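What follows is a single structure, written as structure tokens, with notes after it.
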Amino acid sequence: DGKYVVTASMGHTARIWEVFTGKELYALNGLTTTFDSESFSSDGKYMVMPSWDSAARIWEVSSGIELYTLKRHTSWVNSASFSKDGNYVVTVSNDSTARIWDVSIMVPYLANGFSQAFCIFSSTFFSSSFNLASVSRSI
Numbered sequence: 262d263g264k265y266v267v268t269a270s271m272g273h274t275a276r277i278w279e280v281f282t283g284k285e286l287y288a289l290n291g292l293t294t295t296f297d298s299e300s301f302s303s304d305g306k307y308m309v310m311p312s313w314d315s316a317a318r319i320w321e322v323s324s325g326i327e328l329y330t331l332k333r334h335t336s337w338v339n340s341a342s343f344s345k346d347g348n349y350v351v352t353v354s355n356d357s358t359a360r361i362w363d364v365s366i367m368v369p370y371l372a373n374g375f376s377q378a379f380c381i382f383s384s385t386f387f388s389s390s391f392n393l394a395s396v397s398r399s400i
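Residues are numbered in my numbering as their position in the sequence shown, beginning at 1, plus a constant of 261.
Shown next, in the form of structure tokens:
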């Protein structure tokens, strides 16, 4: 919704900022890995951050609290994003897999069609919850 922005550093710190005021709302300290991107849910209540420890994490923006850790990849997670309706998260990894997570039950589904991918760099949902666009490098 454009109200917040997140900054992340190689020093295992991420910060949530209010765009309008420039005020730092939360410092997400004590992280054990590096985060280099984030994606907000369309209502702005949640954000998901992929990380180098083979997981992605969902945070509640209003409190700065980590709600879920999405673990099923075997290499670092390059990208994570919410579906337009906020019901799903897609994560893509250097392990050549894309997983679609049902946010209500935190169960991942393996997305098909990436058998020739060496590494998937990024993916996002189209208007439908199960139509994805991705960028990858082939073998």
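Idealized CB from N, CA, C, for every residue including glycine.
Only a predicted model underlies this, so the values are computations on that prediction, with no experimental measurement involved.
Just verifying my parser: in three-state terms, what is the DSSP assignment at residue i?
i, result
"Phe301", "strand"
"Arg276", "strand"
"Arg333", "coil"
"Asn355", "coil"
Could you name the residues of the same chain whose beta carbon sits closer than 7 Å to that of residue i, not counting the 5 residues immediately before and after it, in chain order?
i, result
"Val280", "Gly263, Lys264, Tyr265 and Val266"
When you compare each of the options to residue i by their alpha carbons, which one comes out closest?
i, options, result
"Ser315", "Trp278, Ser300, Pro369 and Asp356", "Asp356"
"Val309", "His273, Tyr349 and Thr358", "Tyr349"
"Glu299", "Glu285, Gly347, Ala317 and Thr358", "Ala317"
"Phe301", "Trp337, Ser323 and Arg360", "Ser323"
Quick test of your reading: residue i and residue j, contact by CB under 8 Å. State the CB separation rounded to the nearest angstrom.
i, j, result
"Pro369", "Asn339", "Between Asn339 and Pro369 the Cβ distance is about 16 Å, and since that is not below 8 Å, they are no contact."
"Lys306", "Glu321", "7 Å"
"Lys332", "Ser303", "25 Å between Cβ atoms; not a contact."
Using a Cβ-Cβ cut-off of 6 Å (strictly less than) and excluding sequence neighbours within five positions of residue i, which residues of its own chain qualify?
i, result
"Thr268", "Arg276"
"Thr330", "Ala316 and Arg318"
"His334", "Ser315, Ser354 and Asp356"
Please work out which residues of its chain come closer than 8 Å, Cβ to Cβ, to residue i, disregarding the five sequence neighbours upstream and downstream, and give them in chain order.
i, result
"Ser365", "Asn348"
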